[in-house]
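Taken in order, these protein sequences are the chains called A and B. Heads up, the first sequence is in the numbering used here, so the first residue is 1 and it goes up one at a time. Heads up, the second sequence is in the numbering used here, so the first residue is 1001 and it goes up one at a time. No residue lacks a Cβ here, since even glycine has one placed at the ideal position from N, Cα and C.
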Amino acid sequence: MASTVAVENLNPKVLKCEYAVRGEIVIHAQRLQQQLQTQPGSLPFDEILYCNIGNPQSLGQQPVTFFREVLALCDHPYLLQRDEIKSLFSADSISRAKQILALIPGKATGAYSHSQGIKGLRDTIAAGITSRDGFPANADDIFLTDGASPGVHLMMQLLIRNEKDGILVPIPQYPLYSASIALHGGALVPYYLNESTGWGLEISDVKKQLEDARSKGIDVRALVVINPGNPTGQVLAEENQYDIVKFCKNEGLVLLADEVYQENIYVDNKKFHSFKKIVRSLGYGEEDLPLVSYQSVSKGYYGECGKRGGYMEITGFSAPVREQIYKIASVNLCSNISGQILASLIMNPPKAGDESYASYKAEKDGIIASLTRRAKSLEDAFNKLDGITCNEAEGAMYLFPQLSLPQKAIEAAKVANKAPDAFYALCLLESTGIVVVPGSGFGQVPGTWHFRCTILPQEEKIPAIISRFKVFHEAFMVEYHE
Amino acid sequence: MGRKGLDYEDLNENVKKVQYAVRGELYLRASELQKEGKRIIFTNVGNPHALGQKPLTFPRQVVALCQAPFLLDDPNVGLIFPADAIARAKHYLAMAPGGLGAYSDSRGIPGVRKEVAEFIQRRDGYPSDPELIYLTDGASKGVMQMLNAIIRNDRDGILVPVPQYPLYSAAISLFGGSLVPYYLDEEANWGLDLVNTRQSVAAARSNGITVRAMVIINPGNPTGQCLSEANLREILNFCYQENLVLLADEVYQQNVYQDERPFISARKVLFDMGGPISREVQLISFHTVSKGYWGECGQRGGYFEMTNIPPKTVDEIYKVASIALSPNVPGQIFMGLMMNPPKPGDISYLKFATESKSILDSLRRRAQIMTDGFNSCRNVVCNFTEGAMYSFPQIRLPQRAMDTARSAGKEPDVFYCLKLLEATGISTVPGSGFGQKEGVFHLRTTILPAEEDMPAIMSSFKKFNDSFMEQYQDYSKL
């Protein structure tokens, strides 16, 4: 019997899509990790250090206590009837849990909710957005999703009709975008960020790419902006954001604003401004520009990746289009309730005067300060090495250093049937146990090579990582010296 | 290009074609009426906790402890959590480095997948490989992933039972495939009619459709029927002969209300059959924490198990799963707990068993109450709910009712259900949302309203129905 689901007859869009963040290098690392367990001492290192994925709590970052207190009480509301909890939970976490449960019909956290998410939680999030931006947000514009990624897929599904529909995507980009566009059968229209100006975005470049695509018969539907950037870490200047918004309005593009790193800012001279705020400050209303803004519980200082919580705020869409968005969301019924609750908590954390405020603030500031220090240490370390230059990580969770690979290395890579940066990353893994993602997984100017490394390993491990990396890199450059 | 914004006309056509009646017109109307202050009984979706079913205690204790591990360090934790819940929380935290807040393996936590494999082995008597079990954010996500992998274009057909749970029709529309219907036989308690199924396949093929897969929902949704072992053998043989992947939606396997046909998994029957069939028929089996007696819909916990799927295909499925990074970790722990519940001798066993039995016994009683209640109504005929969570009565609408409906621009069953909603507050889903034979109308309701509310609900329905039938009685009687 011929296999009906052999690779030859699978959906070609599935075959085409790629996602390097958990791709080949990582699979190899997992095999090596097993080898370390079954044959200790068989490799030149004792542990695998996963620097490939923005997964803070897997590397020891602690969750914010207040959030977990509230979530535990919502998971098991019976606790609220026990006096003993007063000695185990802060008073404000108890009252917040009660307040949240009152927003849930029947206090049933195990029930499917409204397909956009629990109304009361959306009200909370809308209030949080309003307070952040100074412009009103509406609960009806919010769709709570299992992480931000399903919201991205939903919009790609909506926008892409066939292979002639194009989506403008920054290069380098987080490869969810390229994967999603491939899965939905569309065309990725790249616009290159400028490495020499700190990964700056030039609207004139974007316009050129747009016109080029159109001249090839591509109908460009949307512009993706990731701010702060992934993998590049730059925080857009406000002026830049105004240009982007005006550009989208003039060209009839939907603006897809991935803002999941909005609370990861490490420099004093840049601030996060949401695109919603920018759009409204320009006086643009519902009639002027369709905008989707994404936020997630996975990043920031909360780093709650495993919860799969997030939302998209949709503004500037007509009622018939909104109905379609709702309809697609309803097929999945709803996102997980605990993730919905957490999304409301991050948008409405403890305030000055609350019992938990001091400890919450200390935890938050501690995490951000530590991320800031680690970003700097790794950036400096990379820049000290010959053959590596590294832009500053103004935000997000990554460094994206550029490698100047000698020709011999490039040839060795070809022989090994790998992209040069993948070859470098594989050698790095096999010598040091450090797992990074090759730049080719994110896109880069052809002929340039990079890798993405997270800033997430524990602070006390950073010196050892730096020194192991240095030893490897210098040896690699000697080995492949011209 | 001169486009302003995003117009409805410019949307992906496949998106526009999608229909999902479970949260469609009736539900939206019910929500509107609820906002206006009307008391609504939502029986449109299998959502037990929304209708008063309480969560089982033990899983909530375990997940709360995992959520807030600082509790485990407190000397007083034993005052409010039983020792076995504490031990189990530690067991899951040990499996999940980074706790609930870290992305797990994209397939799900290996230790939980092992618990799933062990459950399957105990249930079926055949070993199961955790590497071929993928945890998902609810079973629906797994169904979507598999259908997306299979469907290449509109000439790829998927055999789907009619009536069906409209996730299947929606997903097929979304991915641009063709739905090939096979009609269940209402006269034979929604039994499988393989003759009809073969005819469907032949008709599809003559239209240039390549039939790729067959969906079975066992126990059935909305129809509730439980497949016999003989049925499953027939189906597996059919898939073998016709080269179809079998997609076995088994999410209601714990919801069985008769003793003649207990649940048997498609996988067990496949392996019982032995020989080449057992090595070649490709099977994907789906399960969830949303149904059964757990009813933890809001957690979004599910899995699919792959049998006889080629390794390269598994790699592709892994790749797609990895783009979503990982399923939610609390939902994974709920799945582990469901697969590996308290055992006799455990401190929490008695309470767990009592809670579970009480829910199942009540569901069995409610299945009967509802079936009998519908059968006592004029022009209503209702098959017994053998399993799952729904009742799917046939409403024999008089011609005048159908004519009135159509002149109001509505399908007759939609018209009837809207009138039912407005008169009684009972929010159902019209049969047209699930598919039915031409000219035969149904509605789907759940058996989930609280037992004490059932008599009032059924009498309210009967009052509405009988007066509706009176009002629209056939022309010949005038």
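Check: So with CB distances below 8 Å, who are the chain B contacts of A:C305?; Outcome: G1101, A1102, Y1103, L1325 and S1326
Check: Is the separation between the beta-carbon of A:F93 and that of A:F135 shorter than 8 Å?; Outcome: A small correction: the amino acid at residue 93 of chain A is Ser; Phe does not occupy that position in the sequence shown. Contact flag unset, no.
Check: Identify the contact partners of B:H1049 in chain A, using a Cβ-Cβ distance below 9 Å as the criterion.; Outcome: G106, A108, T109, G110, A111 and Y112
Check: Under DSSP, the beta strand (DSSP E) around A:V292 begins and ends at which residues?; Outcome: L291 to S296
Check: Apart from the five residues just before and just after B:M1454, which ones in its own chain have a Cβ nearer than 8 Å to its Cβ?; Outcome: R1366, I1369, M1370 and G1373
Check: For the structure I just gave you, are there three or more beta carbon pairs, one from the stretch 1253–1273 of chain B and one from the stretch 1112–1131 of chain B, closer than 8 Å?; Outcome: yes
Check: So, at 7 Å on beta carbons, what are the nonlocal neighbours of A:L101 in its own chain, with the 5 sequence-adjacent residues on each side left out?; Outcome: C74, P77 and K107
Check: With A:L168 and A:L210 assumed to form a contact (beta carbons below 8 Å), what rounded beta-carbon distance in angstroms separates them?; Outcome: 6 Å
Check: Comparing C-alpha positions only, which one of B:N1221, B:P1059 and B:V1201 sits nearest to B:R1444?; Outcome: B:N1221
Check: Measuring only the C-alpha atoms, how far is B:F1263 from A:T38?; Outcome: 41 Å
Check: Any idea what DSSP makes of B:G1287, helix, strand or coil?; Outcome: Here the sequence assigns His to residue 1287 of chain B, which means Gly is not the residue at that position. Of the three classes helix, strand and coil, the one that applies to B:H1287 here is strand, per DSSP.
Check: Listing by chain order, which chain B residues have their CB less than 7 Å from the CB of A:Q68?; Outcome: The identity of residue 68 of chain A in the sequence shown is Arg, whereas the question assumes Gln. The answer, in chain order, is Q1067 and A1068.
Check: In the DSSP output, what is B:N1231 paired with across the bridge?; Outcome: Beta-bridge pairing links B:N1231 to no other residue.
Check: Output the residue ranges of the beta strand (DSSP E) runs that lie fully inside the stretch 5–50 of chain A and measure 3 residues or longer, sorted by chain position.; Outcome: none
Check: Answer yes if the stretch 1318–1338 of chain B comes into contact with the stretch 1104–1116 of chain B, meaning at least three C-beta pairs across the two stretches below 8 Å, and no otherwise.; Outcome: yes
Check: Can you confirm whether B:I1447, when its beta carbon is compared against all beta carbons of chain A, has any partner nearer than 8 Å?; Outcome: no
Check: Taking just the CA atoms, how far does A:S318 sit from B:Y1008?; Outcome: 8 Å
Check: Measure from the alpha carbon of B:G1388 to the alpha carbon of each residue in B:P1163, B:E1250 and B:F1081, then state which is nearest.; Outcome: In the sequence on display, residue 1388 of chain B carries Ala and not Gly. Here the closest residue by C-alpha is B:E1250.
Check: Quick test of your reading: A:G186 and A:M156, contact by CB under 8 Å. State the CB separation rounded to the nearest angstrom.; Outcome: 7 Å
Check: Can you pull the chain B neighbours of A:D75, defined as C-beta to C-beta under 8 Å?; Outcome: R1060, V1063, A1064, Q1067 and P1330
Check: Report the residues of the stretch 1298–1321 of chain B with a CB closer than 8 Å to any CB of chain A, ordered along the chain.; Outcome: G1298, Q1299, R1300, I1309, P1310, K1312, T1313, E1316, K1319 and V1320
Check: So A:P320 is in the alpha helix (DSSP H); what residue range does that whole segment cover?; Outcome: A319 to V331
Check: Kindly indicate which residue of B:L1179, B:D1185 and B:R1233 has the alpha-carbon position closest to the one of B:I1209.; Outcome: B:L1179
Check: A:I142 bridges to which residues according to DSSP?; Outcome: A:E313
Check: Applying a beta-carbon distance threshold of less than 9 Å, which residues of chain A neighbour B:D1007?; Outcome: S318, P320 and V321
Check: Please list, in chain order, all residues of the same chain as A:K13 whose beta carbon is under 8 Å from its beta carbon, the five residues on each side excluded.; Outcome: A182, L183, H184 and G185
Check: Using the rule of at least 16 other Cβ atoms within 10 Å of the residue's Cβ for burial, across every protein chain shown, is B:S1358 buried or exposed?; Outcome: exposed
Check: DSSP on B:G1274, reduced to helix/strand/coil?; Outcome: coil
Check: Any idea what DSSP makes of B:T1043, helix, strand or coil?; Outcome: coil
Check: So, using beta-carbon positions, are B:L1194 and B:E1229 closer together than 8 Å?; Outcome: no
Check: Using a Cβ-Cβ cutoff of less than 7 Å, which residues in the same chain neighbour A:I104 once the five nearest sequence positions on both sides are dropped?; Outcome: I118
Check: Under 8 Å, CB to CB, which of the residues in the stretch 1176–1195 of chain B have a partner in chain A?; Outcome: none
Check: Leaving aside the five residues before and after B:Q1473 along the sequence, list all residues of the same chain whose C-beta is less than 6 Å from its C-beta, in chain order.; Outcome: P1398
Check: Going along the chain, which residues of the stretch 82–99 of chain A sit with their C-beta nearer than 9 Å to a C-beta in chain B?; Outcome: R82, E84, I85, S87, L88 and F89
Check: Quick one: which chain A residues come within Cβ less than 8 Å of B:A1149?; Outcome: V5, L10, N11 and V14
Check: Run through the DSSP bridge pairs and tell me what B:Q1394 is partnered with.; Outcome: B:V1381 and B:H1442
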